[in-house]
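Chemist: Supplied in C-alpha cells, the structure appears directly below.
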Amino acid sequence: MTEPLLDVRDLHVHFPIREGALRRVTRHVRAVDGVSLTVGRGEILGLVGESGCGKSTAGAAVLGMQAPTSGSVRFDGRDVAEMPAREIARRMSVVFQDPTAALNPRMSIGDSIGEPLAIHRTGSARARADRVAELMSLVGLDRSMAGRRPGALSGGQRQRVVIARALALDPDLVVLDEAVSALDVSIQSQILNLLLDLQARLNLSYLFISHDLSVIRHVTDRVAVMYLGRIVEEAAAEDLFAAPRHPYTAALLSAVPRPEPGRRSGRVVLPGDAGADMTGGCRFAPRCPVARPDCRDNDPALVGGAHRAACFYPDELSPDPGD
Amino acid sequence: MSPLLAIEDLTVEIRGAPVVDGVSLSIAAGETLALVGESGCGKSMTAMAILGLAPEAAAPRAARATLDGHAIDPARPDRMDGLRGRVVSTIFQEPVLSLDPTMRIGAQVMEALRLHDPMPRAAAAERVAAMLADVGIPDPRLRMRQYPHELSGGMCQRVMIAMALITRPRLLIADEPTTALDVTTQAQILDLIARLRDETGTAVLLITHDMGVVAEVADRVAVMYAGRIVEQAPAATLFARQRHPYTALLLRTIPRLDGPRKTALPAIPGAVPAPADWPQGCRFAPRCPLAIDTCRAESPPFAEVAPGHAAACWRSEEVT
C-alpha cells in the first residue's frame, strides 16, 4: 500500500482554561483528544460531527494553523510542524464557511484570486494574469468579472472566488471546512457539483469537514465521525451510512429530517447535550440508548478492519435505524 | 369556522421594491403552516409584517388581516399591543441573541408571564419552573438562577420556546427555530413544538428553508420565491407532486440520505435576483427549465391546480 498523502496520528489539541483572580490554568479543554486519520491521494475524507466536537480544530492542526499538544501530522511523508509555512501554503489550502469574511471587500476578485501567486512570486505578471483567468473559468466565473469587488457578487459567486484562490498554487490537499453550509440550497448544489468536478479533474484530495450528513454522504469516499474530540466511527461512506456501527452515528442519522412526510417515527432522540462530563468511560455513554454499566468504566478504542467503531457493543444496533 | 390568522394581499416595499408582493395566507387553530423559501424571498418579512414589526418606511399594507377575530393592520403596530404574547408569540433563529444576557433565565421567563397575567412572584415562579420542565430543561429551579451564557444553544432555544408558550398563545410564529442548532438538538426541538401544538391547540407559522423540517412538522406548505407565494398545498400533496418548477427543483437539488452518491445534483442555475432586479413576467422564469416566452412576458396567476393545491405557473401541468 502506498503511503497516504495526509497521515494524522494520535493528535491531541488541548486548550488551557484560566480561572480565578490569578488566571491560573485550572483545567484543559480537550478539543481534539487522540485523533488518527489518513487521506489518500485523490481521496475525499469526510469529517462529520456536531458543533464543538473538535472537527474544525483538527482541520486547523492539519493545516499547521494550530500546534498539536501531542501527536503528529505528516503530509507527504514529512512532519507539518517542520515544514516551512510557504511550503504548507503551496501544497495545502482551505475553504471556510463564510466567503464574505474570507475576501477583502476592497480588493477586486481578480486580485484576490491572484494574491497567492503574487506572494509566491510565480511567473511574470502576465503569466499570473493568465493563470487568474484560467482559474476563474475553472470555477465557472466569467473572466470579465475579474475587476469586480466581492460586494457586487452573489454568495455563491463569492464562494467560487474563494475556491479559485484556494486552487491558485495547485495544492495537493484542500481542507473544506463547512464550505457549503452557509449557502442557500439552490446554490449549495451548484458548489457541491463544482467541488466534485474539480476533485476529479485535478485529482485533488479533500478533507471535507461538515455537520451535514446528507452532504457528507453525497461527496465523500470515506467518513470519520467525531464526538467530543474523538473519532467514534470510521468506514467507507457507503458502509457507514448503510449500517452504522456506533450508536452516536445511528442517532445522528435518525435525527436528520428527511423530505418525506409521515416518517417521524423511528427517531432516536438523544437526551441532553454533548457535555464534558468525562468519567474515564465511553464519552458517549451518558447519552447512549444502548449503554451498559461497563461502558461508563472503560473507554472503548476505535477497532475493526475497514469499518471501525469505538463501541463495546456495535452489534446491538439494527442494520438500518433510518427505516 | 373562520381561520385563526388570515392575511390578504400583504405587501411590503423597501426602496420601491416589493420584497413581499401580494401574499395571502391563512392558518387554522392547531394547524402548522410552513412558509418555505431561500434567503431574500420575503418569508421573514412576511412574519414581521404580520406582527406589526415591519419598518414604517416599508409601507406595509394588507387588504384584510385578522388574528383570532381581531382586525389587525401591518401599518398599525399599536393594534398588536394587546395581542403580542397573549395571542401570538415568536421565536427566532438565534436564541442567544434574543435573550437578555444580563438577566437570569427565571426572571426573563417570569417577565413574559407576568406582563400578560399579573400574579404573585411565587405563583409565577411555580408556573415558570413547570413550563421549563415541560420544554425538557432538566433541573429547572437551578436553570432559573443561571444566565443565558451558562446554557447551551439548545437549552437557550428551549428557554425561548418556554417564554413564547407560557402565555398559552393561539399562534406561534417560529422563524428558522432550529437552523442554528445541531441535528440531535433540532430533533428534540421539533418534537417539542409538535407536542405542544398537539396538547394546546396552538397554531404554528413555521418559517424555514429546510424541506426536511417541513416534511417532519407541517400540515400545509406555502413556497415563496422573490416576494410571492408560488405554490401552496397540504404537505403530503406537495411532497407527492409539485406543480411549480421551483418547488420541484428545491426538493431535488438537496443531497438525500437515500439518494445516489457522487452524482451531479440537479442545480438551479443563477441566483435569486435582488428585489430591485426582479424580472417582468414570472420571476422564476430566468432560472426555470420550463420557461417559454409567455413566462417572460406575463406574470402567471396563483391558481388552484387541484383541490387545495394552488400554483403560480403557466406550465404547472408539465412539472414533473
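Chains A and B supply the protein sequences, listed in that same order.
Residues in the first sequence are numbered from 1 upward in steps of one, following full-length UniProt numbering.
Residues in the second sequence are numbered from 1 upward in steps of one, following full-length UniProt numbering.
Idealized CB from N, CA, C, for every residue including glycine.
These numbers come from a predicted model, not from an experiment.
Would you tell me roughly how many angstroms separate the C-alpha atoms of residue 157 (chain A) and residue 81 (chain B), rounded to the nearest one?
Modeler: 43 angstroms
Chemist: Since residue 21 (chain B) sits in a beta bridge, which residues does DSSP pair it with?
Modeler: B:11
Chemist: Name the residue from A:108, A:117, A:272 and A:60 whose alpha carbon lies nearest to the alpha carbon of residue 86 (chain A).
Modeler: A:117
Chemist: Would residue 18 (chain A) and residue 24 (chain A) qualify as a contact pair, given that the criterion is a beta-carbon distance under 9 angstroms?
Modeler: yes
Chemist: Taking residue 173 (chain A) as the reference, give the member of A:107, A:270, A:44 and A:100 with the closest Cα.
Modeler: A:44
Chemist: Enumerated in chain order, which unbroken segments of the alpha helix (DSSP H) with a length of 4 residues or greater are wholly contained in the stretch 29 to 111 of chain A?
Modeler: Those alpha helix (DSSP H) runs which fall completely within the stretch 29 to 111 of chain A and span 4+ residues are 55 to 62, 85 to 91 and 99 to 102.
Chemist: Restricting to runs no shorter than 4 residues, where is the alpha helix (DSSP H) found entirely within the stretch 148 to 191 of chain A?
Modeler: 155 to 167
Chemist: Quick one: is residue 146 (chain B) near chain A, going by C-beta distance under 9 angstroms?
Modeler: For residue 146 (chain B), the closest Cβ of chain A is not nearer than 9 angstroms.
Chemist: Residues of chain B with CB closer than 8 angstroms to the CB of residue 106 (chain A), please, in chain order.
Modeler: Close to residue 106 (chain A), with beta-carbon spacing below 8 angstroms, lies no residue of chain B; the smallest spacing is near 21 angstroms.
Chemist: Hey, is residue 182 (chain B)'s beta-carbon within less than 9 angstroms of any beta-carbon in chain A?
Modeler: yes
Chemist: Rounded to whole angstroms, what is the Cα-Cα separation between residue 178 (chain A) and residue 204 (chain A)?
Modeler: 18 angstroms
Chemist: Here's the rule: buried if 16 or more other CB atoms are within 10 angstroms of the residue's CB, otherwise exposed. What is residue 219 (chain A)?
Modeler: buried
Chemist: Which residue from A:7, A:246 and A:216 puts its Cα closest to that of residue 46 (chain A)?
Modeler: A:216
Chemist: When you compare only the Cα positions, how much space is there between residue 60 (chain B) and residue 10 (chain B)?
Modeler: 7 angstroms
Chemist: Residues of chain A with CB under 9 angstroms from residue 115 (chain B), in chain order?
Modeler: Ordered by position in chain A, no residue passes the 9 angstroms Cβ test against residue 115 (chain B), which lies about 30 angstroms from the chain.
Chemist: Less than 8 angstroms between C-beta atoms, sequence neighbours within five positions excluded: which residues of the same chain meet that for residue 169 (chain B)?
Modeler: 85, 86, 87, 88, 89 and 202
Chemist: Can you give me the C-alpha to C-alpha distance between residue 99 (chain A) and residue 154 (chain A), rounded to a whole angstrom?
Modeler: 10 angstroms
Chemist: Would you say residue 243 (chain A) reaches chain B, if we count a Cβ-Cβ gap shorter than 9 angstroms as a contact?
Modeler: no
Chemist: For chain B, is any of its Cβ atoms less than 9 angstroms away from the one on residue 171 (chain A)?
Modeler: no
Chemist: Are the CB atoms of residue 149 (chain A) and residue 105 (chain A) within a distance shorter than 9 angstroms?
Modeler: yes
Chemist: Name, please, each residue of chain B whose Cβ falls closer than 7 angstroms to the Cβ of residue 187 (chain A).
Modeler: 271
Chemist: On a CA-only basis, which of A:144, A:180, A:189 and A:135 is nearest residue 166 (chain A)? Give me that one, please.
Modeler: It is A:135.
Chemist: Please state whether the Cβ-Cβ distance between residue 224 (chain B) and residue 41 (chain B) is less than 9 angstroms.
Modeler: yes
Chemist: Just to confirm my understanding: we take residue 74 (chain A), look at its own chain, exclude 5 residues before and 5 after, and list those with CB closer than 8 angstroms. What are they?
Modeler: For residue 74 (chain A), where only same-chain residues beyond five positions count, the Cβ hits under 8 angstroms are 6, 7, 8, 9 and 80.
Chemist: Touch check for the stretch 172 to 190 of chain B and the stretch 208 to 225 of chain B: three-plus C-beta pairs under 8 angstroms?
Modeler: yes
Chemist: Could you work out which residue in A:198, A:302, A:20 and A:290 is closest to residue 168 (chain A) when comparing CA atoms only?
Modeler: Minimum Cα distance to residue 168 (chain A) is reached at A:198.
Chemist: For residue 281 (chain B), would you say it is in contact with chain A, using Cβ-to-Cβ distances shorter than 9 angstroms as the test?
Modeler: no
Chemist: Taking only beta-carbon atoms, is residue 323 (chain B) less than 9 angstroms away from chain A?
Modeler: There is simply no residue 323 (chain B) to check, as chain B begins at 1 and stops at 320 in what is shown.
Chemist: Exposed or buried, what is residue 320 (chain B) when buried is set at 16 or more other beta-carbons lying within 10 Å of its beta-carbon?
Modeler: With fewer than 16 other Cβ atoms inside 10 Å of its own Cβ, residue 320 (chain B) counts as exposed.
Chemist: Is there a C-beta anywhere in chain B that falls below 9 angstroms from the one on residue 184 (chain A)?
Modeler: yes
Chemist: Taking 8 angstroms as the threshold, find out whether the stretch 149 to 163 of chain B comes into contact with the stretch 123 to 137 of chain B through three or more Cβ pairs.
Modeler: yes
Chemist: Which first and last residues belong to the alpha helix (DSSP H) in which residue 103 (chain B) is found?
Modeler: No alpha helix (DSSP H) contains residue 103 (chain B), which DSSP labels as neither H nor E.
Chemist: On the three-pair Cβ rule with 8 angstroms, is the stretch 95 to 109 of chain B touching the stretch 145 to 153 of chain B?
Modeler: yes
Chemist: Measure from the C-beta of residue 229 (chain B) to each C-beta in chain A and report whether the shortest distance is under 9 angstroms.
Modeler: no
Chemist: Roughly how many angstroms lie between the CA atoms of residue 92 (chain A) and residue 171 (chain A), to the nearest whole one?
Modeler: Computed Cα separation, rounded: 5 angstroms.
Chemist: Would you kindly check if the distance between the Cβ of residue 48 (chain A) and the Cβ of residue 333 (chain A) is under 9 angstroms?
Modeler: The structure shown does not extend to residue 333 (chain A), since chain A is modelled only from 1 through 323, so no value can be given for it.
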